[in-house]
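> If you scroll down you'll find the structure; I have some questions about it.
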Amino acid sequence: MMLKEYSTENVRTVAIVGHGSTGKSTLFDAMLFIGGQIDKIGKPDDGSLTSDYDEEEKSRKISIRSALGFVEIDDVKINIIDTPGMSDFVGEARAAIQVAEAAIVVVDAVDGVQIETEKVWRYLESKKIPRIIFINKMDKERANFNAIIDNLKSHFNAKFAAVCIPVGEADKHSGIVDLIEMKAMMPKPDGKIQVSDIPADLKKAAEDARNSLMELSAEGDDALIEKYLEGEPLTEDEMKKGLKALVARAEVFPVICGSSLKAIGIKNLLNVIKNYVPAWELNKQVEGLNPNNKEEKVVITSKPDAPFAAVVWKTYIDQYAGRFNYLKIISGTLLPETEVLNSTKNYKERVTKLYTMIGNKPVEVSKLLPGDIGVVVKLDRTATLDTLCDTKHSVLLPIIQLPNPVFSYAVQASKKGDEDKIGQIFSRITDENPTITYIFNPETKQTVLSGMGEMQLDIILKSIKEKNKIELVTSEPKIAYRETITKKAEAQYKHKKQTGGHGQYGEVFIRVAPLERGKGFEFIDSIVGGVIPRNFIPAVEKGLREGMDEGVLARFPVVDVSVELYYGSYHPVDSSEMSFKIAARQALKKGLEAAGPILLEPIMEVDVYVEKDSMGDILNDITSRRGKVLGMGSSDEEGKSPISVVKALVPLAEMLRYSIDLRAMTSGKATFEMRFSHYEPISGRIAEKVIEERKKEFAEEEANK
0 MMLKEYSTEN VRTVAIVGHG STGKSTLFDA MLFIGGQIDK IGKPDDGSLT
50 SDYDEEEKSR KISIRSALGF VEIDDVKINI IDTPGMSDFV GEARAAIQVA
100 EAAIVVVDAV DGVQIETEKV WRYLESKKIP RIIFINKMDK ERANFNAIID
150 NLKSHFNAKF AAVCIPVGEA DKHSGIVDLI EMKAMMPKPD GKIQVSDIPA
200 DLKKAAEDAR NSLMELSAEG DDALIEKYLE GEPLTEDEMK KGLKALVARA
250 EVFPVICGSS LKAIGIKNLL NVIKNYVPAW ELNKQVEGLN PNNKEEKVVI
300 TSKPDAPFAA VVWKTYIDQY AGRFNYLKII SGTLLPETEV LNSTKNYKER
350 VTKLYTMIGN KPVEVSKLLP GDIGVVVKLD RTATLDTLCD TKHSVLLPII
400 QLPNPVFSYA VQASKKGDED KIGQIFSRIT DENPTITYIF NPETKQTVLS
450 GMGEMQLDII LKSIKEKNKI ELVTSEPKIA YRETITKKAE AQYKHKKQTG
500 GHGQYGEVFI RVAPLERGKG FEFIDSIVGG VIPRNFIPAV EKGLREGMDE
550 GVLARFPVVD VSVELYYGSY HPVDSSEMSF KIAARQALKK GLEAAGPILL
600 EPIMEVDVYV EKDSMGDILN DITSRRGKVL GMGSSDEEGK SPISVVKALV
650 PLAEMLRYSI DLRAMTSGKA TFEMRFSHYE PISGRIAEKV IEERKKEFAE
700 EEANK
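Reminder that position 602 of the sequence shown reads as 601 in numbering that gives the first Met the number 0, one-by-one numbering, no gaps.
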């Protein structure tokens, strides 16, 4: 059966986000159940959740991938994306957020705001994405609606608008009171909602809460403020109008409560999404790039009759069904049996049928319009982050931005002959998840697998072993150090070799000098009087650049060095480009040895998000890792949040196991982000150890030849 068509203004897209174990996937099921898409709400314990269809998700009882579903309510289609809560899988959540018009932030009715809640809120705030709070597990022992509202206010400098209050808490939780319609809403076992008058003991609380909601709603429109200040109550429609404007501007955040497992509050949540979440904005100007010249900007207008353009925000490759690419339509209309251009890879693809999904079950659709989410199957090369567009109107849309990997393994096949297979396997894995990288590092001669955490990589390695019968041996990655110099020096080298016939001759005189960190390499040609013919100067520069590939301390690449060629000599018969390349390389080696060579190590910029009680441990640990603390403070501008952010610079060599150590140090309550900053000198015993180990590696390689 084909899904009916929905215009852009009648489509809403929301992402369910929050800390792990708050019940996000159960909420996803509850929304599908109340929306009539599934027969019952699944449970993580028996592996019956709609979004956790992967065998690894079922066995671990956690979400690893995002999942798509939808419900239809009163001629509105709501696209729902369930996302993982663990930091190892943050890439899935980030991609989903960037294609949604709003986020449902799920908060536990007892535990309140947690580390991942803080992180995702901060990200949503940076993008000014509208948010709805769902306080889940109100049937849990010690659940307290008002305490969680206070908890939200203490963490975030924001306005929260309760649009309902609970009917009972903990074991007495049976429904909610809708503060707009002022009716009690109780779910029945079949998913239908029993609407009734407000219980007498809740009338006063409901009236007080509605007055607070009315006051907030008035802020959405100048005319409403004027009416409210004159003492006139707002009508139901006026409250909705004011709230809709505030939610769209991410100035006020509706709060709903309930129990996803018992489907309490779910109908109210769906109504709030339908009424207050903005649809994709038609005629919106979206900035892209010219694929043939990425310095040139291209602006497209989002409307149904414009050229088609979409971004791939998720890829799932099924072992049997093939490749599923999840799209966000930015402009134009996508129809079945259409040829499109993958402008990221400059490759044409054929779209056959179009789908949306309920978990892993496809539902066919006739077309996809701007703002909608859809799925295409069996494309040859298309992967996450790619842009698909009209073949005659090429554009690149760098809309999806994902975090950098923070944990790595060096990997190699336990059996010879499996290397080629491994490359193909990891090519598919990185297509699915761009937060995973698989790169051969020629400096360290290791193949390095990187991702967002130990669990993410371990799951991948386990899957390869089980599905492909290939076992990978892991080790700690080697650090890609650099070498540089600390002072000026001069050097000369004459390459002279006489054999039968033409000989080899080239002589160069150079001056080397240190450059500012990050400047790389500078070549200065100061030759005058033709002491080296002009046609040999490029060969000298090439020899110098090749010489920079291996330093004199431990054969690491050399950086931040200026080399001036100021004198030399040549032979009219025996000189050649090769002679001058060799002479330049050898002269550079002598110059580096005389210029105070030192080692450089990569330094990472690190942000650690931690509860204030653990701040002392984190600061001491960073110091023990040779780190420099740049600053620390509350994660919110007002300084009210109990979550602190520590900003530091730490050597990469000290961060290889940090995700594991941090989890152990804080019982899994802290998280961190890391990105490359710069290179810094190292000396003393640390440098001596690095040089010694490097020489040992080369000696072993020579012995094994």
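We treat Cβ as the ideally placed atom computed from N, Cα and C, and that holds for glycine. Please read all numbers here as calculations on a predicted model, not as lab measurements.
#1: Where does Ala-66 land, buried or exposed, given buried means 16+ other C-beta within 10 angstroms?
#2: Please list the terminal residues of the continuous beta strand (DSSP E) segment that includes Trp-279.
#3: Take Ala-95 as the anchor and find which of Ile-147, Gly-68, Pro-198 has the nearest alpha-carbon.
#4: Give the DSSP bridge partners of Ile-63, in chain order.
#5: Along the alpha helix (DSSP H) that carries Phe-697, what are the first and last residues, could you check?
#6: Using 8 angstroms for Cβ pairs, my map puts Phe-25 next to Ile-37. What's the rounded Cβ distance?
#7: Measure the CB-CB distance between Val-339 and Thr-390 and report whether it falls below 8 angstroms.
#8: Should Leu-651 be labelled buried (16 or more other beta-carbon atoms within 10 Å of its own) or exposed?
#9: By the three-class DSSP mapping on this structure, what secondary structure does His-677 have?
#10: Among the candidates Ala-160, Met-603, Met-185, Arg-481, whose CA atom is the shortest distance from the CA of Lys-243?
#11: In chain order, what residues of the same chain have a beta carbon less than 6 angstroms from the beta carbon of Phe-535, not counting five sequence neighbours either side?
#12: Let me know if Leu-380 comes out buried or exposed under the rule of 16 or more other beta-carbons within 10 Å of its beta-carbon.
#13: Pick helix, strand or coil for Glu-418, following the three-state DSSP scheme.
#14: Provide the residue(s) that pair with Gln-497 in DSSP beta bridges, ordered along the chain.
#15: Between which two residues does the beta strand (DSSP E) containing Glu-610 stretch?
#16: Suppose contacts are defined by Cβ-Cβ distances below 8 angstroms. Is Ala-247 in contact with Arg-130 by that definition?
#17: Would you report the Cα separation of Asp-74 and Asp-371, rounded to the nearest angstrom?
#18: State the DSSP-derived secondary structure class of Met-213, mapped to helix, strand or coil.
#19: How many angstroms separate the CA atom of Tyr-5 from the CA atom of Ile-63?
#20: To the nearest angstrom, how far is the alpha carbon of Phe-555 from that of Leu-514?
#21: Which residue spans inside the region 227-299 form an unbroken alpha helix (DSSP H) run of at least 4?
#22: Please state if the CB of Lys-493 and the CB of Ala-583 are separated by a distance shorter than 8 angstroms.
#23: Output the boundary residues of the alpha helix (DSSP H) element that contains Asp-107.
#24: Ignoring anything shorter than 4 residues or poking outside the region 99-156, list the alpha helix (DSSP H) runs there in chain order.
#25: Which whole-angstrom value describes the C-beta separation of Thr-300 and Ser-330, a residue pair presumed to lie in contact below a C-beta threshold of 8 angstroms?
#26: Near Lys-705, what residues of its chain come up, given a Cβ to Cβ distance below 8 angstroms and the 5 sequence neighbours on each side ignored?
#27: Beta carbon of Gly-34, beta carbon of Asn-135: below 8 angstroms?
#28: In three-state terms, what does DSSP make of Met-547?
#29: Could you spell out the range, first to last residue, of the beta strand (DSSP E) harbouring Asn-467?
#30: Is the region 392-406 touching the region 458-473 in the sense that three or more CB pairs, one from each, lie closer than 8 angstroms?
#31: If you draw a straight line from the C-alpha of Gln-445 to the C-alpha of Ile-357, how long is it?
#32: Beta-carbon separation of Val-605 and Ala-669 under 8 angstroms?
#33: I need the DSSP call for Tyr-657, collapsed to helix, strand or coil.
Looking at the coordinates:
#1: One-based indexing of the sequence shown puts residue 66 at position 67. Its Cβ being crowded by 16 or more others within 10 Å, Ala-66 is buried.
#2: Here residue 279 refers to the residue found at position 280 when the sequence shown is read from its first residue. If you look at Trp-279, you'll find it isn't in any beta strand (DSSP E); DSSP assigns it neither H nor E.
#3: Here residue 95 corresponds to residue number 96 of the sequence shown, with the count starting at 1. If we check each option's Cα against that of Ala-95, Gly-68 comes out closest.
#4: Counting from one through the sequence shown, the residue named residue 63 turns up at place 64. In the DSSP output, where bridge partners are listed per residue, Ile-63 has none listed.
#5: As a first step, residue 697 is located in the sequence shown; it is residue number 698 there, counting from the start. It spans 683-703 - the alpha helix (DSSP H) in which Phe-697 sits, taken as one unbroken run.
#6: On the sequence shown, residue 25 is found 26 positions in, with the first residue counted as 1. On the sequence shown, residue 37 is found 38 positions in, with the first residue counted as 1. Here the sequence assigns Thr to residue 25, which means Phe is not the residue at that position. Not quite, the Cβ-Cβ distance comes to about 12 angstroms (not below 8 angstroms), so this is no contact.
#7: Counting from one through the sequence shown, the residue named residue 339 turns up at place 340. Counting from one through the sequence shown, the residue named residue 390 turns up at place 391. Cβ distance < 8 angstroms, so Val-339 and Thr-390 count as in contact.
#8: The sequence position of residue 651 within the sequence shown is 652, counting from 1. Counting Cβ neighbours within 10 Å, Leu-651 comes out buried, since at least 16 surround it.
#9: Here residue 677 corresponds to residue number 678 of the sequence shown, with the count starting at 1. In this structure, His-677 counts as strand in the three-state DSSP scheme.
#10: As a first step, residue 243 must be located in the sequence shown, where it is residue number 244. Cα-wise, what sits closest to Lys-243 is Ala-160.
#11: Indexing the sequence shown from 1 puts residue 535 at position 536. Closer than 6 angstroms at Cβ, skipping near neighbours: Phe-579.
#12: Residue 380 sits at position 381 when you count from the first residue of the sequence shown. Contrary to the premise, residue 380 reads as Arg rather than Leu in this sequence. Classification of Arg-380: exposed, given that the 10 Å Cβ count is below 16.
#13: Position 419 of the sequence shown, counted from the start, is the residue given in the question as residue 418. Reduced to three states, the DSSP call for Glu-418 is helix.
#14: Here residue 497 refers to the residue found at position 498 of the sequence shown. Per DSSP, none; premise fails for Gln-497.
#15: Here residue 610 corresponds to residue number 611 of the sequence shown, with the count starting at 1. Note, Glu-610: beta strand (DSSP E), 596-610.
#16: Against the sequence shown, residue 247 aligns to sequence position 248. Against the sequence shown, residue 130 aligns to sequence position 131. Not in contact: Ala-247 and Arg-130 (Cβ atoms no closer than 8 angstroms).
#17: For this step, residue 74 is matched to residue 75 along the sequence shown. For this step, residue 371 is matched to residue 372 along the sequence shown. Taking the straight line from one Cα to the other gives about 15 angstroms.
#18: As a working mapping, residue 213 is identified with position 214 in the sequence shown. The answer is helix: DSSP assigns Met-213 an H, G or I state.
#19: One-based indexing of the sequence shown puts residue 5 at position 6. One-based indexing of the sequence shown puts residue 63 at position 64. Rounded to whole angstroms, Tyr-5 to Ile-63 spans 30 angstroms at the Cα level.
#20: The count along the sequence shown starts at 1 and reaches residue 555 at position 556. The count along the sequence shown starts at 1 and reaches residue 514 at position 515. Whole-angstrom Cα-Cα distance: 17 angstroms.
#21: Counting only runs that start and end inside the region 227-299, the alpha helix (DSSP H) elements of at least 4 residues fall at 235-247, 265-275.
#22: Residue numbering aside, residue 583 sits at position 584 when the sequence shown is read from its first letter. Residue numbering aside, residue 493 sits at position 494 when the sequence shown is read from its first letter. In this structure, Lys-493 does not lie closer than 8 angstroms to Ala-583 by Cβ.
#23: Numbered from 1 along the sequence shown, position 108 holds the residue referred to as residue 107. No alpha helix (DSSP H) contains Asp-107, which is instead part of the beta strand (DSSP E) from 101-107.
#24: Segments of the alpha helix (DSSP H) lying fully in the region 99-156: 114-126, 144-154.
#25: Position 301 of the sequence shown, counting from 1, holds the residue named residue 300. Position 331 of the sequence shown, counting from 1, holds the residue named residue 330. Confirmed, about 7 angstroms.
#26: Because the chain in this structure spans residues 0 to 704, residue 705 falls outside the shown range and cannot be described.
#27: Counting from one through the sequence shown, the residue named residue 34 turns up at place 35. Counting from one through the sequence shown, the residue named residue 135 turns up at place 136. Cβ distance not < 8 angstroms, so Gly-34 and Asn-135 don't count as in contact.
#28: Translated into positions along the sequence shown, residue 547 becomes position 548. Correct three-state label for Met-547: coil.
#29: By one-based count along the sequence shown, residue 467 stands at place 468. Unbroken run through Asn-467 is the alpha helix (DSSP H), 453-467; no beta strand (DSSP E).
#30: no
#31: In the sequence shown, counting from the first residue as 1, residue 445 sits at position 446. In the sequence shown, counting from the first residue as 1, residue 357 sits at position 358. Their backbone Cα atoms lie some 41 angstroms apart in a straight line.
#32: Translated into positions along the sequence shown, residue 605 becomes position 606. Translated into positions along the sequence shown, residue 669 becomes position 670. Against a cut-off of 8 angstroms, the Cβ pair of Ala-669 and Val-605 comes out as no contact.
#33: Residue mapping note: residue 657 aligns to position 658 of the sequence shown, counting from 1. Three-state result, Tyr-657: helix.
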